[in-house]
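Q: Just dropping this structure here.
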DNA sequence: AGACGTCTGACTTTCTTTGACCTATGTAGT
DNA sequence: ACTACATAGGTCAAAGAAAGTCAGACGTCT
């Protein structure tokens, strides 16, 4: 078995015991597995990315840590569908707004959240000298990112 | 737990008991925590700055002291300050995250809103081939746009 | 052999903690 | 008033503690 797979499994077991969230020390974990600390980052990047349904945050310096949160769980199916299939690589402001208002109607997001998302992808918020093509690409990524965060909120 | 965190917590407990204001002796506090006196200044600078919603004043010499005051400010006042004065034309991801977590701590935004905003300005959400300078400019605009949307909701 | 996935190590960045030195204020002696 | 000393907080640079990044070595399939 590969090292990465062992580490992945180890973390997933922690997540099953503990709850949907686990906090660990990168150096300790690396020591435990007898590998370079950066190996941990590799595992996080390849197996615990948002695309895989996880969010991670960390802090450097004395007393630093890495926290991993599992997002995917029944209940946020619709959102995950949007993130994985419906939204592609590009979304215009109009498409964003349409999507957002649909989500609001289906009561998947609150009115406040809808307004917040709309303001983030608004023309006003993105009025910076960048080609429209890139702005729309950004909108798609922002929408995915925000929906992931809402899916995380919906967990249990 | 980090020393800084302990000291921060200690002061916040004092602030909760006493009132909105607390006065303490730097050397005594340092002695109590068994650390260098300048550590106290570090905690003040990183956790009790005006951005965090606190003001500090002090006096040297015999009978010197440090006074910490929690600024009471309505949510929308704070949001408007951020939009009009604090946030300029450019904001890095780190600065965004710092501001967002401060707003969360001050209970001006909910944890969900904070997560949503953080995901919108994340590197992940903006990972398109655009110079960092422009991304940071966009972050500033997005933050203002989102904060105004929250201010509109609050109405107080 | 080539392509893709794994792993490491050197270097970087961020956050914390300490210590040496500096400045301001009060008090006592002249 | 002036000087001197004690008291107390301020500043800053350097060391320490952790995590992040990335290029390149290494493996494992096809």
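Protein chains in written order, with our numbering: chain D, 828 to 983; chain L, 828 to 983. Note that beta-carbon positions come from the ideal geometry of N, C-alpha and C, so glycine has one too.
Out of L:913, L:879, L:979, which has the shortest C-alpha to C-alpha gap to residue 934 of chain L?
A: Numbered from 1 along the second chain, position 107 holds the residue referred to as residue 934 of chain L. Relative to the Cα of residue 934 of chain L, the nearest Cα in the group L:913, L:879, L:979 belongs to L:879.
Q: Less than 9 Å between the beta carbons of residue 916 of chain L and residue 967 of chain L, yes or no?
A: In the second chain, the residue the question calls residue 916 of chain L occupies position 89. In the second chain, the residue the question calls residue 967 of chain L occupies position 140. Cβ distance < 9 Å, so residue 916 of chain L and residue 967 of chain L count as in contact.
Q: Just the Cα atoms here: how many angstroms apart are residue 884 of chain L and residue 866 of chain L?
A: For the purposes of this step, residue 884 of chain L is identified with residue 57 of the second chain, where counting begins at 1. For the purposes of this step, residue 866 of chain L is identified with residue 39 of the second chain, where counting begins at 1. In a straight line, the C-alpha of residue 884 of chain L is about 17 Å away from that of residue 866 of chain L.
Q: Could you pull out every residue in the same chain whose Cβ sits closer than 7 Å to the Cβ of residue 843 of chain D, ignoring the five residues on either side in sequence?
A: Locating residue 843 of chain D in the first chain gives position 16, where the first residue counts as 1. Nothing listed; no residue qualifies.
Q: DSSP state of residue 953 of chain L, grouped into three classes?
A: Counting from one through the second chain, the residue named residue 953 of chain L turns up at place 126. Reduced to three states, the DSSP call for residue 953 of chain L is coil.
Q: Measure from the C-beta of residue 829 of chain L to each C-beta in chain D and report whether the shortest distance is under 9 Å.
A: One-based indexing of the second chain puts residue 829 of chain L at position 2. For residue 829 of chain L, the answer is yes, since a Cβ of chain D falls inside 9 Å of its Cβ.
Q: Which residue or residues does DSSP assign as beta-bridge partners of residue 960 of chain D?
A: Taking the first chain and counting its residues from 1, the one referred to as residue 960 of chain D is at position 133. Beta-bridge pairing links residue 960 of chain D to no other residue.
Q: Quick one: which chain L residues come within Cβ less than 9 Å of residue 838 of chain D?
A: The residue you call residue 838 of chain D lines up with position 11 of the first chain. The premise fails here: residue 838 of chain D is roughly 20 Å from chain L at the closest Cβ pair, so nothing lies under 9 Å.
Q: With a Cβ-Cβ cutoff of 9 Å, do residue 882 of chain D and residue 909 of chain D count as a contact?
A: In the first chain, counting from the first residue as 1, residue 882 of chain D sits at position 55. In the first chain, counting from the first residue as 1, residue 909 of chain D sits at position 82. Not closer than 9 Å, so no.
Q: So is residue 890 of chain D in contact with chain L if we call contact Cβ pairs under 9 Å?
A: Residue numbering aside, residue 890 of chain D sits at position 63 when the first chain is read from its first letter. Closer than 9 Å: yes.
Q: Could one say the Cβ of residue 944 of chain L lies closer than 9 Å to chain D's Cβ atoms, at least one of them?
A: As a working mapping, residue 944 of chain L is identified with position 117 in the second chain. Output row for residue 944 of chain L: interface = yes.
Q: On the three-pair Cβ rule with 8 Å, is the segment 894-902 of chain L touching the segment 853-860 of chain L?
A: Result no; under three Cβ-Cβ pairs closer than 8 Å.
Q: What would DSSP say about residue 946 of chain D, mapped onto helix, strand or coil?
A: Against the first chain, residue 946 of chain D aligns to sequence position 119. Helix.
Q: Under 8 Å, with one C-beta from each stretch per pair, do the segment 949-965 of chain L and the segment 950-969 of chain D reach the 3-pair mark?
A: Enough Cβ pairs lie closer than 8 Å, so yes.
Q: Checking the sheet assignment: what are the DSSP bridge partners for residue 849 of chain D?
A: Here residue 849 of chain D refers to the residue found at position 22 when the first chain is read from its first residue. In DSSP, residue 849 of chain D forms a bridge with D:895.
Q: Quick one: what's got a C-beta closer than 6 Å to residue 905 of chain L's C-beta in the same chain, skipping five residues either side?
A: Numbered from its first residue, the second chain carries residue 905 of chain L at position 78. Only 935 meet the Cβ criterion.
Q: Is it buried or exposed, residue 963 of chain D, if we count other Cβ atoms within 10 angstroms and call 16 or more buried?
A: One-based indexing of the first chain puts residue 963 of chain D at position 136. Counting Cβ neighbours within 10 Å, residue 963 of chain D comes out buried, since at least 16 surround it.
Q: Quick one: does residue 934 of chain D have its CB under 9 Å from some CB of chain L?
A: Taking the first residue of the first chain as 1, we reach residue 934 of chain D at position 107. For residue 934 of chain D, the answer is no, since every Cβ of chain L falls outside 9 Å of its Cβ.
Q: Any beta-carbon of chain L closer than 9 Å to the one on residue 951 of chain D?
A: Here residue 951 of chain D refers to the residue found at position 124 when the first chain is read from its first residue. With 9 Å as the cut-off, residue 951 of chain D counts as an interface residue toward chain L.
Q: In whole angstroms, what separates the C-alpha of residue 931 of chain L from that of residue 828 of chain D?
A: By 1-based counting over the second chain, the position of residue 931 of chain L is 104. By 1-based counting over the first chain, the position of residue 828 of chain D is 1. Near 43 Å, if we compare the C-alpha coordinates of residue 828 of chain D and residue 931 of chain L.
Q: Output the distance between the C-alpha atoms of residue 980 of chain D and residue 887 of chain L, rounded to the nearest integer angstrom.
A: Residue mapping note: residue 980 of chain D aligns to position 153 of the first chain, counting from 1. Residue mapping note: residue 887 of chain L aligns to position 60 of the second chain, counting from 1. Take the alpha-carbon of residue 980 of chain D and the one of residue 887 of chain L: they are about 48 Å apart.
Q: Hey, how far is the Cα of residue 833 of chain D from the Cα of residue 853 of chain D?
A: Locating residue 833 of chain D in the first chain gives position 6, counting from the first residue. Locating residue 853 of chain D in the first chain gives position 26, counting from the first residue. Approximately 15 Å between the Cα atoms of the pair.
Q: Count the other CB atoms, across all protein chains shown, that sit within 10 Å of the CB of residue 976 of chain L; report buried if there are 16 or more and exposed otherwise.
A: As a working note, residue 976 of chain L is residue 149 in the second chain. Classification for residue 976 of chain L: buried.
Q: Tell me the residue span of the alpha helix (DSSP H) that contains residue 876 of chain D.
A: Residue 876 of chain D sits at position 49 when you count from the first residue of the first chain. Taken as a continuous stretch (DSSP letters only), residue 876 of chain D belongs to no alpha helix (DSSP H), as it is neither H nor E.
Q: Does any CB atom of chain L fall closer than 9 Å to the CB of residue 977 of chain D?
A: To locate residue 977 of chain D, count along the first chain from 1; it is residue 150. At least one chain L Cβ lies under 9 Å of residue 977 of chain D.
Q: Using a Cβ-Cβ cut-off of 8 Å (strictly less than) and excluding sequence neighbours within five positions of residue 831 of chain D, which residues of its own chain qualify?
A: Within the first chain, numbered from 1, the residue matching residue 831 of chain D stands at position 4. Closer than 8 Å at the Cβ level, and outside the excluded window around residue 831 of chain D, lie 866, 869, 870, 873, 874.
Q: What residue range is occupied by the uninterrupted alpha helix (DSSP H) comprising residue 923 of chain L?
A: Taking the first residue of the second chain as position 1, residue 923 of chain L is located at position 96. It spans 920-932 - the alpha helix (DSSP H) in which residue 923 of chain L sits, taken as one unbroken run.
Q: Cα separation between residue 939 of chain L and residue 913 of chain L?
A: Translated into positions along the second chain, residue 939 of chain L becomes position 112. Translated into positions along the second chain, residue 913 of chain L becomes position 86. Each residue's alpha carbon lies about 23 Å from the other.
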